[in-house]
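Residue numbers (this note's numbering): 125 to 245.
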């Protein structure tokens, strides 16, 4: 990680196996004064051939560990598509709890899907 003093809550982490990138996750801060204590987990992706090997959990745990060292950051939020139980359970195991629901948050191939809002304090 190369810190940026102006945007301390913004970073991406990568997971590698045998020198091959197999997953990424990022944190995006909010920089308005009233929201500076918040950041959002973004860009969580694990390559299909590495699914089920603990890569996702390792990425989220590393992100949370780094985020906890940022003194001004108090909570991390994320959204996950309703019905994506594998991802929801992963986030719950890492300490996130559901705090809300965004109905019809995304549209894929003409079909709407809800998003669950989750948060870690």
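Virtual Cβ for every residue (Gly too), placed ideally from N, Cα, C.
**Prompt:** Helix, strand or coil for residue 153 per DSSP?
**Reply:** strand
**Item:** Expected contact under 8 Å - CB spacing of residue 243 and residue 201 to nearest Å
**Value:** 5 Å
**Request:** Thinking residue 153 and residue 134 are a contact (beta carbons under 8 Å), I'd like their distance in whole angstroms, please.
**Result:** 5 Å
**Asked** Can you name the start and end residues of the beta strand (DSSP E) that residue 180 belongs to?
**Response** Taken as a continuous stretch (DSSP letters only), residue 180 belongs to no beta strand (DSSP E), being part of the alpha helix (DSSP H) at 179 to 192.
**Message:** By the three-class DSSP mapping on this structure, what secondary structure does residue 237 have?
**Reply:** strand
**Prompt:** Since residue 166 and residue 150 are thought to touch, with beta carbons under 8 Å apart, how far apart are those beta carbons, to the nearest angstrom?
**Reply:** 5 Å
**Prompt:** For residue 201, does the three-state DSSP call read helix, strand or coil?
**Reply:** strand
**Prompt:** In three-state DSSP terms, what is residue 172?
**Reply:** helix
**Request:** Can you tell me the Cβ-Cβ gap for residue 245 and residue 198, rounded? I've got them flagged as a contact below 8 Å.
**Result:** 7 Å
**Item:** Nearest neighbour of residue 204, chosen from 237, 187, 192 [CA to CA]
**Value:** 237
**Asked** Between 140, 229, 131, 241, which lies nearest to residue 175 when the distance is taken from Cα to Cα?
**Response** 140
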